[in-house]
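**Student:** First to last, the protein sequences are chains A, B, C and D.
With my numbering applied, the first sequence covers 90 to 281.
With my numbering applied, the second sequence covers 725 to 953.
With my numbering applied, the third sequence covers 357 to 740.
With my numbering applied, the fourth sequence covers 93 to 469.
Using N, Cα and C, we set each Cβ at its ideal position, and we do this for glycine too.
Structure provided below as structure tokens; questions to follow.
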Amino acid sequence: MSTPAWHEPVLQQFPAVRWDGAARALIVPPELARAVAEWLTQPDHGAWDFCSNVTGVDYLPREVKEKSKRPDGTEEIVVRTEPGSLQVVYHLYSVAQRSGPLVLKQVVPRQAPAAVSLTPVWRSCELQEREVYDLFGVSFEGHPDLRRILMWDEFTGHPMRKDYAEPQDYEWEPTPHGDVLEKHRRGKVIIA
Amino acid sequence: MRLLGFGILKGMAVTLENFVRSYFDRDRRHHLFTKEYAWEPGAPAEVLPARADTTVTAHSRNFPILLHDGADPMGGIRCVACQICERECPPQCIYIEKDYDEQGKYIKRPAIFDIDLSVCMSCQICVEVCPFDAIVMDSQFELSTANRFGGLLQHRDQLLKSNEYYHRIHPEEARARDDRMAQEKAEKEAKQAAADAAKKKAAEAKAAAEIAAEKSKPEPSAPTAGGAA
Amino acid sequence: MSAAAATAAASYSLVRQPAMETGLLEVSMGPHHPSTHGVFRMDVRLDGETVVALKPVFGYLHRNHEKLAEGMSYLASMPFTDRLDYFNSMTNNWAYALAAEQLLPIEVPERAQYLRVIMAELTRLVNHTSLVGFFLNDLGALGTPLLYAFRERERILDLFEQASGARMMCNYFRFGGLRCDVPEGWLARARAVVDAFPRFLDEFEKLLCENEIVLARTQRVGVLSGAQAVNAGITGPMLRASGVNYDLRKVDRYGIYERFAFRVPLGSAGDCYDRFMIRLLEMRESLKILDAALRDIPTGPVMGNAPRVFKPAASETYGRVESPKGELGFYLIADGTTKPYRYRVRPPSFINLTVLEDLCVGHTIADAVVILGSVDIVLGEVDR
Amino acid sequence: MTQTLLNLLAIAVPLAVGFASLFAFTTWLERKILARIQNRIGPNRISLPFTRFRRLFGLIQPAADGLKMLAKEDIVPRDADKLLHLLAPILSLVPPMMVLCLLPLELPYATAGMRALQAAALDNAVLLFFAITSLNTLAVFMAGWASRNKYSLLGGMRAVAQMVSYEIPLVLSAAVVIMAAGGMNAQAIVEAQRAQWFIFTPWGLAAFLIFFIASLAETNRSPFDLPEAESEIIAGYFTEYSGFKFALFFLGEYLAIFAVSGLAVTLFLGGGAGPWVAAYPALSCVWFLAKIFALIFVMIWLRGTLPRLRVDQLMGFAWKFLLPLSLLNLFVAAAALKLAKPWLSWPVGALVLYGAAVALSRSHRADAAPRTYSYAE
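Listed below in structure tokens is the structure:
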């Protein structure tokens, strides 16, 4: 499936924006996101008036093994840790021109992730960015009402992160087998 | 411009029509749609009810059961405890342990096969992934129990139902499954037979070649009965 | 009784009020309320009966569907999509299958394509009938329109049960086709249901569409302009009621929708009445599609050449369909294993709630209920 | 003295008991009719215990409901105003019970002495009727206030506004009949309709329709059931009531329906008049009840059809539509009663009233109208 090159004018206009060919997405630096978004909504820049989907993706830090050649010609395996990242993904469509999707990504570090809210540009981001804030812990600068949305206010942690560990005895329902039975054996649960 | 209330009168005509005609709706298809009792025949006649006293049709699915061939449940159990369904079950409600004989050798059947009906969501993924046609969906829904946890945990012996029972509840599906199994079996047998025949042929050819070689040799020796293989 | 009165009298004391004060009344509507369509809450601030502020509160039905799906195989998520918008399991299935088939292209056989369209349009009928029924229930019509609607829905659910084994949690679509073919005689029964359906629509329109109370209650209530709707990501009948011609069946032409002649009804005012009427009109268009599909459906297999283990290469995709409630999208990131690395549902009824406050402010609390009804939400999808 | 007391009891007790049991029957009737309207069957299960009557069309259902209500726990919110919370359901029951005595029911066994004692024989029976029924407002507001629940409070406020507003067209349309009958004695009003029921005059018909609509609002029936609007404010003023107190509200509501329908029958439908009454005077009572149930059927039918109005529309309808129309109707009636040529009253009266209604509905409805829709290909 080949999509038209909707991204090219963006790359020309904003040199800091990168194009990720594998994911078919524009990687937009957070500080530029607002400007890019506003530019994209203009009728002669594609009229991307409809932001359909906003979500987050969590990439854990991972070890990459790379072969490199030593000056003396022998090969060496270098283990390098690639830093993880959190991505905020926006799927844009144009209702006016019936085109899309154009994928926009804000990539932020996993530690203290801060993206820029595109809610002022596309209202549809409002609840979805709140959801990303809630489930991934990405804070959005410029969001009018950034609160937890699906989890309750007192909840700690961000469950959609890949390294989220479920608390031990959190709201579990006893079922008769598996780890529950195991807990039962250890005397934690009484099964009628 | 009409007087206020004409649209209301129009609507009232509809409700009055429904009210009056509900007393004359003999076949209960439109104006008296609700059945007085759940077990009143109401489903279209083309859809076979599985039991005379329920509205469960021959297509309804509810919870999985294990099938066995023949009269002896454990003798004819189809499940070989391969644990594919356990792995694939979306809500993880199946629990299987393999059975071993005294020597610790795996005999192809489950020692424990539990399905937790309080967790099962009747999606029939287990039926689809089973390579042995051992698990199918039941249409029994009267499963209430006083014991919330233990009572809804169905064990192997509760789950085992005969193939005849399956034919009774889902005749069409059961027939199709049996046909397919028979076909697969026939294919397998044909393949096996073909393989056997090929093997036999090869052996015969080998024996013939040996005999021929013997004949050409001057001193006779005891030929091994290769043809018997 | 007298003893009770005596104790009550004993505990009675005059309520003293230093001075008359007026203030805003804060009402927490929900999560247990007859008209929030599930466990949904609206924190409403009222001036008399007029809504001054309204904050929707979500999450009472949150089960982190996306996280669950990331921990299991691609196929195993299929039954969970049934439970998103439990009125429309067939279209949910389709959206997911569509996205997955974009990750790993599998040719869908012709008969399956037709059956997919038939199931999706029947689902649209199911959803819209229930919606107009519930909507009028919110208006205060004591169950009558709802029960008429459910009468028709029942017939379609019978069809679903015969095809898939379940009435609501169908789990019928597979990557590359359908789980099984429909049983013998099913198409004829579907044809009978489709042929009888206009009678219900006529009856329903006669019952309430000209009713002065309905007109007065819904017209010019909760007006949403087209530009605002697009900007807020509103999709589905709600968007088209605001006059925006955007129907994914026409825009994306997924499946085999380009083979069917149907029209897209558009509203002009964008109020509750338009949202209600658009759904009634859409049902008539769906019937046209069903009519053609049931006529043209070929015989043949219903399952394409799908691999036994669904294991797409590392890539990402976004697939969307026109679910009865709006644009239902699935964003999938594959990492080359049998489990999706990221699985995201774009829930239409959740995003359609973005403008709820804007629509309700300035109207009365009774209108807020009606507006919420006209948005058409299902909490299984909103909270996921 | 003793005789008077006995006579009083002979009138009052059958009324109280009879209408209370009619209440049970009406709940059954309402459920059955609504069910039939909605393609359902309605209550059909409860059988008479220890008999072979297994089904009996579900007629025993009200008994089961009553038992359930009695057996339920009486819950009073902690912060409620406990005394008012207790008094409200009782107060809601008293006025309708009182005004039932004002209906000119000709009890078959009644002697002339009894009849003279009937409240309907009072010279200002109609006035007393309205005076007493307006007390109901107080009960509803008491319930709404005492429950200390925001939904209850909203329901109570709605009820006050609604009942006060609709009392005016109610009284004005009754005034037309009082003009025609020349008095407020209920028996005299029935007497005055011996030749022709008032509903068969143009002003009488208009007054009857206004009266009926206003009485729907007075008794909180659909489409004016805002004080207890389920989809908006849960159950309105009785949200916080359970068990027997809830049942009392229910009973009070239905008795109010009997009372106001009875008044409508008295004012417009000739009271107990009907075929064969001359031959069998006992039939008079039957006819009276039959007419009441005919009106109740229409009420149930409306409930099964219509959605609910909004608060502002409800008030607008009372003040901008019903009130001007009933005022106009007073003049029409006055003119018709003094008209030299009585046959003229129908064409002229009907024309004037219909024209006024159309004009008023035009100004009232503004631009609410069915729409046509465009399609995109």
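Would you decide whether C:Gln518 is buried or exposed? Buried here means 16 or more other CB atoms lie within 10 Å of its CB.
**Tutor:** With 16 or more Cβ atoms within 10 Å of its Cβ, C:Gln518 is classed as buried.
**Student:** Assuming B:Ser868 and B:Arg785 form a contact by the criterion Cβ under 8 Å, report the distance between their Cβ atoms to the nearest whole angstrom.
**Tutor:** Not quite, the Cβ-Cβ distance comes to about 19 Å (not below 8 Å), so this is no contact.
**Student:** Between D:Phe292 and C:Arg547, what straight-line distance do the alpha-carbon atoms span, to the nearest angstrom?
**Tutor:** If I take the Cα positions, the gap works out to 52 Å.
**Student:** Indicate whether the contact test is met: 3 or more Cβ pairs, each with one atom in the segment 109 to 125 of chain D and one in the segment 413 to 428 of chain C, closer than 8 Å.
**Tutor:** Segments in contact, no.
**Student:** Any C-beta of chain C within less than 9 Å: which residues of the segment 807 to 827 of chain B qualify?
**Tutor:** So the list reads Arg811, Glu812, Cys813, Pro814, Pro815 and Gln816, given in the order they occur along the chain.
**Student:** Just to make sure I have the definition right: I need the residues of chain B whose C-beta is within less than 7 Å of the C-beta of D:Gly128. Which are they?
**Tutor:** Just to set this straight, residue 128 of chain D is Arg in the shown sequence, not Gly. Near D:Arg128 (Cβ distances below 7 Å), the residues of chain B are Phe743 and Ser746.
**Student:** Please go through the segment 826 to 895 of chain B and give each complete beta strand (DSSP E) segment of 3 or more residues, from N-terminal end onward.
**Tutor:** The segment 826 to 895 of chain B contains these whole beta strand (DSSP E) runs: 830 to 840, 859 to 861 and 884 to 886.
**Student:** Between the segment 393 to 411 of chain C and chain A, which residues of the former have a C-beta closer than 7 Å to a C-beta of the latter?
**Tutor:** So nothing in the stretch comes that close.
**Student:** Quick test of the definition: if touching needs 3 or more C-beta pairs under 8 Å, does the segment 194 to 203 of chain A touch the segment 151 to 169 of chain A?
**Tutor:** Counting Cβ pairs under 8 Å, fewer than three are found: no touch.
**Student:** If you run the structure through DSSP and keep just helix, strand and coil, what is C:Asp723?
**Tutor:** Of the three classes helix, strand and coil, the one that applies to C:Asp723 here is helix, per DSSP.
**Student:** Excluding the 5 residues preceding and the 5 following B:Val853 in the sequence, name in chain order all residues of the same chain whose CB lies nearer than 8 Å to its CB.
**Tutor:** Cβ neighbours of B:Val853 beyond the five flanking positions: Ile808, Cys809 and Glu812.
**Student:** In whole angstroms, what is the alpha-carbon distance linking A:Glu120 and A:Leu207?
**Tutor:** The straight-line gap from Cα to Cα measures roughly 11 Å.
**Student:** Any idea if C:His388 is buried or exposed, counting beta-carbon neighbours within 10 angstroms, 16 or more meaning buried?
**Tutor:** Its Cβ having fewer than 16 others within 10 Å, C:His388 is exposed.
**Student:** Hey, could you find the ends of the beta strand (DSSP E) A:Gln195 is sitting in?
**Tutor:** That run of the beta strand (DSSP E) goes Ser188 to Pro198.
**Student:** Quick one: list the residues of chain B neighbouring C:Phe436, beta-carbon separation under 7 Å, in chain order.
**Tutor:** Here the neighbours are Pro814.
**Student:** When you compare only the Cα positions, how much space is there between D:Ala273 and D:Leu359?
**Tutor:** Their backbone Cα atoms lie some 9 Å apart in a straight line.
**Student:** Mapping the DSSP letters down to three states, classify C:Leu381 as helix, strand or coil.
**Tutor:** Strand at C:Leu381.
**Student:** How is A:Arg107 classed by DSSP in three states: helix, strand or coil?
**Tutor:** Here A:Arg107 sits in strand by DSSP.
**Student:** Below 9 Å on C-beta distance, what does C:Arg507 contact in chain B?
**Tutor:** Chain B residues near C:Arg507: His754, Phe757 and Thr758.
**Student:** With C-beta atoms as the reference, is D:Gly60 less than 8 Å away from D:Gly328?
**Tutor:** It is not possible to answer for residue 60 of chain D, since the shown part of chain D is limited to 93 through 469.
**Student:** Measure the C-alpha to C-alpha separation of B:Asn742 and C:Leu503 and round it to an integer number of angstroms.
**Tutor:** So the two alpha carbons sit approximately 12 Å from each other.
**Student:** Per DSSP, what kind of secondary structure is C:Leu370 in: helix, strand or coil?
**Tutor:** Low per-residue confidence applies at C:Leu370: pLDDT is 45, beneath 50, and the placement is therefore not dependable, though the value from the model is reported in the following sentence. Three-state DSSP puts C:Leu370 in coil, outside helix and strand.
**Student:** Anything in the segment 708 to 722 of chain C with a Cβ closer than 7 Å to a Cβ of chain D? List those residues in chain order, please.
**Tutor:** Flagged, chain order: Thr720, Ile721 and Ala722.
**Student:** Within a Cβ cutoff of 6 Å, which residues of the same chain sit near C:Arg597, ignoring the five residues on either side of it in sequence?
**Tutor:** It is Ala, not Arg, that sits at residue 597 of chain C in the sequence shown. Contacts found: Gly623, Gly626, Asp630, Arg631 and Ile634.
**Student:** May I ask you to report which of helix, strand or coil DSSP gives A:Ser174?
**Tutor:** Here A:Ser174 sits in strand by DSSP.
**Student:** So who's on the other strand from C:Lys681, going by DSSP bridges?
**Tutor:** None, per the DSSP bridge assignment.
**Student:** Using a Cβ-Cβ cut-off of less than 9 Å, give me the residues of the segment 829 to 855 of chain B that come near chain C, in sequence order.
**Tutor:** Correct list: Met845, Ser846, Cys847, Gln848, Ile849, Glu852 and Val853.
**Student:** Alpha carbon to alpha carbon, what distance is there between A:Gln176 and C:Thr479?
**Tutor:** Distance between the alpha carbons of C:Thr479 and A:Gln176: 35 Å.
**Student:** According to DSSP, simplified to helix, strand and coil, what is C:Ser598?
**Tutor:** DSSP places C:Ser598 in coil when its eight states are reduced to three.
**Student:** Quick one: which chain A residues come within Cβ less than 7 Å of C:Val797?
**Tutor:** It is not possible to answer for residue 797 of chain C, since the shown part of chain C is limited to 357 through 740.
**Student:** Give every residue of the same chain whose Cβ lies closer than 6 Å to the Cβ of A:Arg237, excluding the five residues on either side of it in the sequence, and list them in chain order.
**Tutor:** Same-chain partners within the cutoff: Asp223.
**Student:** Take the Cβ of B:Arg899 as the centre, count every other Cβ of all protein chains shown within 10 Å, and call the residue buried at 16 or more, exposed below.
**Tutor:** The residue is exposed, with fewer than 16 neighbouring Cβ atoms inside 10 Å.
**Student:** What does the alpha-carbon distance come out to for the pair A:Gly226 and A:Cys140?
**Tutor:** Whole-angstrom Cα-Cα distance: 21 Å.
**Student:** Would you mind telling me which residues of chain B sit closer than 7 Å to C:Arg566, beta carbon to beta carbon, in chain order?
**Tutor:** It should be pointed out that residue 566 of chain C corresponds to Glu in this sequence rather than to Arg. Those within 7 Å of C:Glu566 in chain B are Gly731 and Lys734.
**Student:** When the distance is taken between beta carbons, is A:Val99 closer than 8 Å to A:Val125?
**Tutor:** A contact, by the Cβ cut-off of 8 Å.
**Student:** How should C:Gln469 be labelled, buried or exposed, when 16 other C-beta atoms within 10 angstroms of its C-beta is the threshold for buried?
**Tutor:** Buried is the call here.
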